[in-house]
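In the working numbering, the protein residues as written are 4 to 90.
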């Protein structure tokens, strides 16, 4: 499954994550991640994003995420919301 239009979810507030998604015409999943806790949790954040996209059945997408210390459940919710808005 693929998204059709660009969409976004979240805020730049503390303990949240701002997510923007758009179709990836070149194919595959591309994640552009910025985080205030990148050294400590960067790999975990990417894993949560990838697993959420996998659960939603998304194949071709560009994800731009700006994290401000969000919990895993918040990351999942923001990704899911942005993807569903883009369908």
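Cβ atoms here follow ideal geometry from the backbone N, Cα and C, with glycine treated the same way.
For this session: Would you give the residue range spanned by the beta strand (DSSP E) that residue 10 belongs to?
Result: Looking up residue 10 in the chain shown gives position 7. Here the beta strand (DSSP E) through residue 10 covers 10-12.
Exercise. When the distance is taken between beta carbons, is residue 70 closer than 8 Å to residue 37?
Worked result: Residue mapping note: residue 37 aligns to position 34 of the chain shown, counting from 1. Residue mapping note: residue 70 aligns to position 67 of the chain shown, counting from 1. It is a contact, given that the beta carbons lie within the stated cut-off.
Exercise. What whole-angstrom Cβ distance do residue 34 and residue 85 have, given they're in contact under 8 Å?
Worked result: What you label residue 34 is simply residue 31 of the chain shown in a count that begins at 1. What you label residue 85 is simply residue 82 of the chain shown in a count that begins at 1. The Cβ separation is near 13 Å, so there is no contact.
Exercise. Can you tell me whether DSSP reads residue 54 as helix, strand or coil?
Worked result: Looking up residue 54 in the chain shown gives position 51. Here residue 54 sits in helix by DSSP.
Exercise. By Cβ distance below 7 Å, which residues in the same chain neighbour residue 93 in space, the five residues on each side in sequence not counted?
Worked result: As shown, the chain starts at 4 and ends at 90. That puts residue 93 outside it, with no answer to give.
Exercise. Which residue comes first and which comes last in the alpha helix (DSSP H) that contains residue 87?
Worked result: Here the question's residue 87 lines up with position 84 in the chain shown. Unbroken alpha helix (DSSP H) run through residue 87: 75-88.
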